[in-house]
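Step one of this worksheet: look at the structure below.
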Amino acid sequence: MVAATEIIDSSEQLATELVSIVGADAVLTETETLRPFECDGLTAYRELPLMVVLPSSISQVQDVMKACSNRKVPVVTRGAGTGLSGGALPLPNGVLLSLTRMNDILEVDVAARTARVQPGVTNLSISDAVRHLGFYYAPDPSSQIACSIGGNVAENSGGVHCLKYGLTVHNILQLKVVTVDGQLMTVGSEGLDSPGFDLLALMTGSEGMLGVVVEVLVKLLPIPPVAQVVMAAFDRVENAGDAVAAVIGAGILPAGLEMMDNYAISAVEDFVHAGYPVDAAAILLCELDGTAEEVADQIGEVEEIFRTQGAMGTWVAEDAETRDRFWSGRKAAFPAVGRISPDYYCIDGTIPRRELGRVLVRTAELSKEFGLRVANVFHAGDGNLHPLILYDANNEGELEKTEELGNQILELCVEVGGTVTGEHGVGVEKLRPMCLQFEDAVLEQFHQVKAALDPDTLLNPGKAVPTLARCAEFGAMHVHKGNLPHSNLERF
-8 MVAATEIIDS SEQLATELVS IVGADAVLTE TETLRPFECD GLTAYRELPL
42 MVVLPSSISQ VQDVMKACSN RKVPVVTRGA GTGLSGGALP LPNGVLLSLT
92 RMNDILEVDV AARTARVQPG VTNLSISDAV RHLGFYYAPD PSSQIACSIG
142 GNVAENSGGV HCLKYGLTVH NILQLKVVTV DGQLMTVGSE GLDSPGFDLL
192 ALMTGSEGML GVVVEVLVKL LPIPPVAQVV MAAFDRVENA GDAVAAVIGA
242 GILPAGLEMM DNYAISAVED FVHAGYPVDA AAILLCELDG TAEEVADQIG
292 EVEEIFRTQG AMGTWVAEDA ETRDRFWSGR KAAFPAVGRI SPDYYCIDGT
342 IPRRELGRVL VRTAELSKEF GLRVANVFHA GDGNLHPLIL YDANNEGELE
392 KTEELGNQIL ELCVEVGGTV TGEHGVGVEK LRPMCLQFED AVLEQFHQVK
442 AALDPDTLLN PGKAVPTLAR CAEFGAMHVH KGNLPHSNLE RF
């Protein structure tokens, strides 16, 4: 057994070595300086790290990783800390590697339509930097004003426009990654394809388990000539869900197609006054972009589809100010819901669009069974659900009840042919539903991939992919898609 004094001595030695690499102001060890890093956006889980290190260059990241690897000290990489699945939750015996000081846009290549950026660059700042050139960066998470590109890569983030323009993985070309032992490797290429295995896709969404992303080459898209939003109100949530499937089924590909239910509508309208109809059971926001002619045609077609599907009314944003106002409500939905409940728990799951109506009805049933309100705000066009479970952590046992409800919603997503995450990642939040979605052999292969790149399991250990032993602790059984009746959900 290792004595406590030996652990303290080892920690102090590591801190001294890291100070020599990054400087005294970039190594935090005091409790009060560690507090801001104790959690990410999943605030129900908190832990103080052993220390926080804030490198400002690739070479410093390499040297930090070498030092930690040599001492077998685990490392959790953190961006802006806006993640919602506990992916950046620190370890009490590990280093938290914060990349926020690496925040420069290194190069913009207009001819190639790319930008080379450091991981600490915020999502929105890329679009701001190239807007005068007529370009923008497409993925736009609701937290885009704060979230960092490195974190977007780690979680494969999306946003309201991912239906047409894709997730992070579809909008990057190349990564520079520092391995667990401090080597620097480049994956992907500046071209459309590169030989060998597709390590770019492997790294994207790997949640800091395979390497440390230190540079990203992103694609830039030309700003569309015209973008218009049509809002539709429905008196039944399932009608709104069916309308989403009808739009896509008609061959229309909106830039964004978002849905909110009445809980979310009321909270948002009180907060930002976006002009939402507060008597509606649900609203849809559908954005069409392209040339003026095609947008005009598609707006009319979408309005007709909405009316056919039972819309109580439709409203078209005729100018940029109204369009921005409509979207401001959707972008502010999470903080708005936070105003009507002491706490809320944000779930992230994805389902086939055809199942939207069924899943929303079942979610409402589960909400009643658990006695917890659920506000639905989500990327309806690509079936990415974000149910917000409203609860009060001050009430004993209510967090545990909330987590159980969240698990059952995710199990429902798997049952209908979906998956347990769309853009928030697994982190520590979704280990149990991961056991349900994947068979043992698949989970074992995931661990084999990690072992090839991180043989000592030092990079973000215990996250994203549960071990078979952990699954046994959960008592989880596999969900065979489409074969599990709703009544059986109660067994998990």
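Residue numbering for the sequence shown follows the working numbering, starting at -8 and increasing by one per position.
Ideal placement from N, C-alpha and C gives every residue a C-beta, glycine not left out.
Distance between residue j and residue i (C-alpha atoms, nearest Å)
i, j, result
"E481", "F361", "Any reading at E481 is ruled out, since the residue's pLDDT is 28, under 50, leaving its predicted position unreliable."
"Q4", "V10", "10 Å"
"R122", "Y336", "35 Å"
"T523", "A371", "The requested residue 523 is not part of the displayed model; the chain covers only -8 to 483."
"V328", "G150", "18 Å"
"L459", "L450", "19 Å"
"V52", "P446", "19 Å"
"F262", "A255", "11 Å"
"L166", "T91", "17 Å"
"G173", "L212", "34 Å"
"A311", "V217", "10 Å"
"M222", "G320", "12 Å"
"A224", "K322", "18 Å"
"T34", "E198", "18 Å"
"N230", "A271", "12 Å"
"D54", "I12", "7 Å"
"T7", "A102", "46 Å"
"A129", "L158", "9 Å"
"V108", "V67", "21 Å"
"L475", "V405", "The predicted position of L475 is uncertain, since its pLDDT is 35 and thus under 50; no value can be drawn from it."
"G141", "G74", "11 Å"
"H471", "R423", "Per-residue confidence for H471 stands at a pLDDT of 42, beneath the threshold of 50, marking its modelled position as unreliable; the derived number appears in the next sentence. When rounded, the distance between both Cα atoms is 15 Å."
"G182", "K210", "11 Å"
"N479", "R344", "Only weak support is given to the placement of N479: the predicted model assigns it a pLDDT of 30, under 50, and the value that follows is read from those uncertain coordinates. Roughly 23 Å between the two C-alpha positions."
"K359", "S257", "19 Å"
"F317", "L80", "34 Å"
"R298", "Q289", "14 Å"
"R314", "A308", "5 Å"
Bridge-paired residues (DSSP) for residue i
i, result
"F369", "M250"
"C277", "V221, L248"
"S89", "R69"
"N375", "T341, H370"
"R107", "E98, L208"
"V144", "Paired residues: none, contrary to the question."
"Y382", "D334"
Option in the options with minimal Cα separation from residue i
i, options, result
"V419", "V405, R353, E146, G150", "E146"
"G301", "D310, G232, M251", "G232"
"G408", "E391, Q428, E414", "Q428"
"S76", "V433, T448, G466, E394", "E394"
"M439", "I96, V168, P457, L87", "Residue identity differs from the one stated: residue 439 is Gln in this sequence, not Met. Checking every option, the nearest Cα to that of Q439 belongs to P457."
"R461", "S148, L444, L434, A106", "L434"
"S60", "V86, V43, P81, L82", "V86"
"P452", "S50, V64, S358", "V64"
"T170", "Y267, R316, G202, F437", "G202"
"M250", "V286, V235, A258, V160", "V235"
"A324", "T354, A355, H377", "H377"
"A443", "L193, V286, D315, I214", "L193"
Residue range of the unbroken alpha helix (DSSP H) whose run includes residue i
i, result
"I239", "228 to 240"
"P424", "422 to 428"
"T393", "389 to 406"
"M56", "49 to 61"
"V112", "Looking at the DSSP string, V112 is not in any alpha helix (DSSP H), and its letter there is neither H nor E."
"H415", "No alpha helix (DSSP H) holds H415; DSSP gives it neither H nor E."
"A15", "It is not in any alpha helix (DSSP H) - A15 carries neither H nor E in the DSSP assignment."
The beta strand (DSSP E) enclosing residue i, as first and last residue numbers
i, result
"T299", "Taken as a continuous stretch (DSSP letters only), T299 belongs to no beta strand (DSSP E), being part of the alpha helix (DSSP H) at 283 to 299."
"K155", "Looking at the DSSP string, K155 is not in any beta strand (DSSP E); the run it does join, the alpha helix (DSSP H), is 153 to 156."
"L164", "163 to 169"
"P551", "Only positions -8 to 483 of the chain appear in the structure, and residue 551 is not among them; the question remains open."
"G179", "175 to 179"
"V43", "42 to 44"
Reduced DSSP category for residue i - H, G, I as helix; E, B as strand; rest coil
i, result
"A455", "coil"
"D261", "helix"
"V269", "coil"
"T195", "coil"
"K210", "strand"
"D31", "coil"
"D310", "coil"
"I338", "coil"
"A6", "helix"
"A120", "helix"
"G304", "strand"
"A80", "At residue 80 the sequence reads Leu, which differs from the Ala that was named. It is coil, neither helix nor strand."
"K472", "The predicted position of K472 is uncertain, since its pLDDT is 41 and thus under 50; no value can be drawn from it."
"S358", "helix"
"S139", "strand"
"V64", "coil"
Distance cut-off 7 Å: residue i Cβ against heavy atoms of the ligand MG
i, result
"C138", "This structure lacks the ligand MG; in fact it carries no ligand of any kind."
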